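The listed protein sequences correspond, in order, to chains A and B. Residue 715 is where the first sequence starts when you use my numbering, and the numbers rise one by one after that. Residue 18 is where the second sequence starts when you use my numbering, and the numbers rise one by one after that. Glycine residues also receive a C-beta, built at the ideal position from the N, C-alpha and C atoms. Note that the coordinates shown come from a computational prediction; the quantities given were computed from them, not determined experimentally. Here is the structure we will look at.
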Amino acid sequence: MSTLDLFEKIRVSQIASSLDLHPFEVARLLGQVGGLPRTLAFDEGDIDRVRELAGVETWWGSNAPKIEDDVSGRALVRTAAQMLLDRDVVGEQTTRADNLFRGLDPADQFVVRRAVNHLIREEVIKSIPTSQGLHLQVDEDQVGVLRGIADGSKIPSSLEELWS
Amino acid sequence: MNPKLVTALEDIDRWRRESDADADREHNEISEEQERLHREIEERQASLEALASRKSEVEAQKASLPGEQLQRRREATLKNLAGDRGLVAARGSLFGDQVKARERRVQDLIDKPQYNKLVKEYEEFQDVEMGLDALPKTYKQAILAHHGTVKKELAPVFDAMAADIEPVDAQGIGVAVVGSIDSPDGGPAEALAIIVPTPFETCSKWSERAEDLAALIAYRVVGCVGRMLQQVGAADAPLQYAEYENALAIQVWLGDSDVTGNIERVLDDLIDEVNGKAAEFEAGRLRLQMVWVEPEVVAPDDDADGGEG
Numbered sequence: 715m716s717t718l719d720l721f722e723k724i725r726v727s728q729i730a731s732s733l734d735l736h737p738f739e740v741a742r743l744l745g746q747v748g749g750l751p752r753t754l755a756f757d758e759g760d761i762d763r764v765r766e767l768a769g770v771e772t773w774w775g776s777n778a779p780k781i782e783d784d785v786s787g788r789a790l791v792r793t794a795a796q797m798l799l800d801r802d803v804v805g806e807q808t809t810r811a812d813n814l815f816r817g818l819d820p821a822d823q824f825v826v827r828r829a830v831n832h833l834i835r836e837e838v839i840k841s842i843p844t845s846q847g848l849h850l851q852v853d854e855d856q857v858g859v860l861r862g863i864a865d866g867s868k869i870p871s872s873l874e875e876l877w878s
Numbered sequence: 018m019n020p021k022l023v024t025a026l027e028d029i030d031r032w033r034r035e036s037d038a039d040a041d042r043e044h045n046e047i048s049e050e051q052e053r054l055h056r057e058i059e060e061r062q063a064s065l066e067a068l069a070s071r072k073s074e075v076e077a078q079k080a081s082l083p084g085e086q087l088q089r090r091r092e093a094t095l096k097n098l099a100g101d102r103g104l105v106a107a108r109g110s111l112f113g114d115q116v117k118a119r120e121r122r123v124q125d126l127i128d129k130p131q132y133n134k135l136v137k138e139y140e141e142f143q144d145v146e147m148g149l150d151a152l153p154k155t156y157k158q159a160i161l162a163h164h165g166t167v168k169k170e171l172a173p174v175f176d177a178m179a180a181d182i183e184p185v186d187a188q189g190i191g192v193a194v195v196g197s198i199d200s201p202d203g204g205p206a207e208a209l210a211i212i213v214p215t216p217f218e219t220c221s222k223w224s225e226r227a228e229d230l231a232a233l234i235a236y237r238v239v240g241c242v243g244r245m246l247q248q249v250g251a252a253d254a255p256l257q258y259a260e261y262e263n264a265l266a267i268q269v270w271l272g273d274s275d276v277t278g279n280i281e282r283v284l285d286d287l288i289d290e291v292n293g294k295a296a297e298f299e300a301g302r303l304r305l306q307m308v309w310v311e312p313e314v315v316a317p318d319d320d321a322d323g324g325e326g
């Protein structure tokens, strides 16, 4: 960072980087709420505004549920399932798909992504396109399946194949 | 003296000869007329056949006009897209020079003695800031208060850095943003494609490249598309970004949306609004204009790569 950078306002790409978004997502969201400003230079507060507009949340922080499991991949997926239940992403409630991955290292992201894609194919989780990007939703009648995954009591064998 | 019969028979013979001669003459005349008419008919027939042949050619030519027009429109679109990309790149270079000129002005300012020391303090604070929580509360408050004062005294520097970019010393240019709506069988819009004369790398390699004029143009167009979708009741329509002839293509799937407005008119208006508002367009002396074409004009060739971003 140069000295001059200290005095510059925040750019679209910097907002995107700080929220783990693509700049075009930022541009689309700002466009939807009245259009981009005259000058594409922003303040710290705008990052929070875009975070809210985008529905960006970091689930894999210190508050993530601690699920013990001998198999690390299974632990990740069980935790992800538990977080969907904890946040009540059921029925009309949806969440950004990448909220489920944000904060994980790339290898762990890969495991959770594969599991989520599998659960979408199995219709346990639904994917819904929105202006914020892809959202996830769990049907009321699939909550039991998700609960079985989260507590480890009934993990579909097809899902087990992903980390075996 | 001949008997009267002889004279009568001779008269009959003469009549016969004369009649034969008359008949032969008229027969010849009729034959000649018939031949003339036959020749004329043949000539006319030949003319008819030539006309029929030409008519078929003209009909075929007319039938090929839509395809030819499409081909010409496609060629013109691709040629101008490449040209406009070049214009944007060249104008981006001039714009970049103006950005650097602003930075030089700020640098000149911070090199002045009255700001130099403050800038150093401000820089140092960036390193100190992370460790503030470990300090006693009173220390922390004192440091923050001093930082606030430094920041306030550096206001002219912040203002200089936030100042508008000076307009480039060049003529104004207009570049086309190509739009196309696919409405199968004249029904509701199913897909929308917007081609922006900026490199696809503004999307695919955004984190590796500078946020230049091309990137700002791309943001503006994406922002307009987002706002347009909101206004026509298709706010959640999924977007994809793809490379199209070395340019950025924004693809919108509208098949699952209930579009309630006029996409073309709304987007035209929003682009016009941006032309009159965007600071970087003013500084770059640049305007965008939506140009709408048929989907076939921008549809990729069958053997072209249709990869998505």
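Within the segment 716 to 728 of chain A, the residues whose Cβ lies closer than 7 Å to some Cβ of chain B are Thr717, Leu718, Leu720, Phe721, Glu722, Lys723, Arg725, Val726 and Ser727, listed in chain order. Looking at the backbone, the Cα of Arg861/A and that of Gly817/A are separated by about 23 Å.
CA-CA distance, Ser776/A to Arg801/A, rounds to 16 Å. The C-beta separation of Ser197/B from Val276/B comes to about 15 Å, leaving the pair out of contact by the 8 Å criterion.
A distance below 6 Å between beta-carbons, with the five flanking residues on each side excluded, links Val803/A to the following residues of its chain, in chain order: Thr809 and Val852.
In summary, the residues of the segment 226 to 242 of chain B whose CB is separated from some CB of chain A by less than 8 Å are Glu228, Ala232, Leu233, Ala235, Tyr236, Arg237, Val239, Gly240, Cys241 and Val242, in the order they occur in the chain. For Glu50/B, the uninterrupted alpha helix (DSSP H) run begins and ends at Lys21 to Ile127, by DSSP. The C-alpha of Thr219/B is placed about 9 Å away from the C-alpha of Glu225/B. No Cβ-Cβ contact shorter than 7 Å links Pro184/B with Ala80/B. Of all residues in the segment 113 to 146 of chain B, those with a C-beta nearer than 8 Å to a C-beta of chain A are Glu120, Val123, Gln124, Ile127, Val136, Tyr139, Glu140 and Gln143, reading in chain order. Counting of Cβ neighbours within 10 angstroms places Gln88/B among the exposed residues, the total staying below 16. Linking Leu848/A to Leu718/A through their CA atoms gives a straight-line distance of about 37 Å. Comparing alpha-carbon positions, the option among Arg31/B, Leu305/B, Leu68/B and Val75/B lying closest to Gly191/B turns out to be Leu305/B.
Closest by C-alpha distance to Val726/A, out of Gln746/A, Met797/A, Ser716/A and Leu750/A, is Leu750/A. Comparing alpha-carbon positions, the option among Met307/B, Asp101/B, Leu246/B and Gln248/B lying closest to Ala231/B turns out to be Asp101/B. With respect to chain A, the C-beta atom of Gln248/B has no partner C-beta closer than 7 Å. Only residues of its own chain outside the window of five on either side were considered, and among them Val195, Tyr261, Ala264 and Ala266 have a CB closer than 6 Å to the CB of Ile212/B, listed in chain order.
In the three-state DSSP reduction, Asp865/A falls in the coil class, being neither helix nor strand. If you compare the alpha carbons of Val314/B, Glu297/B, Val239/B and Ala316/B with that of Leu287/B, the shortest gap goes to Val239/B. Out of Leu22/B, Gly204/B and Val242/B, the CA that lies nearest to the CA of Gly748/A is found in Val242/B.
Neighbourhood of Gln796/A in chain B, by CB distance below 9 Å: empty, with the nearest CB roughly 28 Å away. What Gln807/A touches in chain B, judged by beta-carbon distance under 7 Å, is nothing: the nearest beta carbon there is about 16 Å away.
In this structure, the beta-carbon distance from Met178/B to Phe721/A falls below 7 Å. By the rule that beta-carbons nearer than 7 Å mark a contact, Phe175/B touches chain A. Nearest in C-alpha terms to Val825/A, of all of Leu873/A, Val740/A, Gly745/A and Asp734/A, is Leu873/A. In the DSSP annotation of this structure, Ala730/A is not part of any beta strand (DSSP E); the continuous alpha helix (DSSP H) holding it starts and ends at Val726 to Leu733. Where Gln158/B is concerned, the enclosing alpha helix (DSSP H) starts and stops at Lys154 to Glu170.
Taken atom to atom, the span from the alpha-carbon of Arg34/B to that of Glu66/B is near 47 Å.
Among the CB atoms of chain A, none fall inside 7 Å of the CB of Trp309/B. Of the residues assessed, Met18/B falls on the exposed side of the cut-off, its CB having fewer than 16 other CB atoms within 10 angstroms. Along the segment 195 to 281 of chain B, the alpha helix (DSSP H) occurs as fully enclosed runs of 4 or more residues at 218 to 221 and 230 to 248, listed in sequence order. The beta carbon of Ile724/A is closer than 6 Å to those of Phe756 in its chain, skipping five residues each way along the sequence. Sorting Leu171/B, Leu256/B, Val167/B and His163/B by C-alpha distance to the C-alpha of Leu209/B places Leu256/B at the top. Here Trp774/A is buried: its Cβ has 16 or more other Cβ atoms, across all protein chains shown, within 10 Å.
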